[in-house]
Amino acid sequence: MATGLLYKKRMVVSIIFIIIFAQPNKREMNKFLTIAKAWGIAVFHTDEQKELADKRSAVCSTCPSLQEVDVKNMTGGLVNNYFLCGSCGCPLQGKIYTPIDTPKEQKCPLDKWEN
Ligand code: SF4
Numbered sequence: 378m379a380t381g382l383l384y385k386k387r388m389v390v391s392i393i394f395i396i397i398f399a400q401p402n403k404r405e406m407n408k409f410l411t412i413a414k415a416w417g418i419a420v421f422h423t424d425e426q427k428e429l430a431d432k433r434s435a436v437c438s439t440c441p442s443l444q445e446v447d448v449k450n451m452t453g454g455l456v457n458n459y460f461l462c463g464s465c466g467c468p469l470q471g472k473i474y475t476p477i478d479t480p481k482e483q484k485c486p487l488d489k490w491e492n
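Residue numbers (this note's numbering): 378 to 492.
Below, the structure written as structure tokens:
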């Protein structure tokens, strides 16, 4: 559980560094901001946001694009249950918390989520 939180925090820090140093264009910047918001919500979410994420996760769990990958934590241990969306490459731990008001094209790339 603590490892999951550590990964979420690392992802948020990584996104901040990308925004600062990669100098993305407006479209890329919007995408980065959506990702940053999603990871923020993944760490600090309401019950409603968790419920929506659980519904999305259930959809993803039956999707052929779902990929389980081996990821190591900072101490070299293997992180269990680390999944990516094979269609967009995003880690699902954060992606399922994409804000509900996000444009459709930044949510499920196969448009399988209800919202
Ligand atoms: S986000 Fe969409 S395409 Fe990606 S794994 Fe989930 S359901 Fe499949």
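Ideal placement from N, C-alpha and C gives every residue a C-beta, glycine not left out. Bear in mind that the values here come from a model prediction, so they are computed numbers and not experimental data.
Distance cut-off 6 Å: residue i Cβ against heavy atoms of ligand 1
i	result
Leu429	no
Leu410	no
Val468	Just to set this straight, residue 468 is Pro in the shown sequence, not Val. False, no ligand heavy atom lies under 6 Å from that Cβ.
Leu383	no
Cβ-based neighbour list, residue i, same chain, cut-off 8 Å, excluding 5 preceding and 5 following
i	result
Asp488	Lys481
Rounded separation between residue i and residue j - CA only
i	j	result
Tyr384	Asn450	8 Å
Asn402	Gln483	16 Å
Gln426	Leu455	28 Å
Lys472	Arg433	9 Å
Proximity winner among the options, relative to residue i (alpha-carbon distances)
i	options	result
Lys386	Ala413, Lys408, Lys403	Ala413
Ile477	Cys440, Thr423, Ser391, Phe460	Thr423
Close-in-space but distant-in-sequence residues of the same chain around residue i (CB under 6 Å, 5 per side omitted)
i	result
Pro441	none
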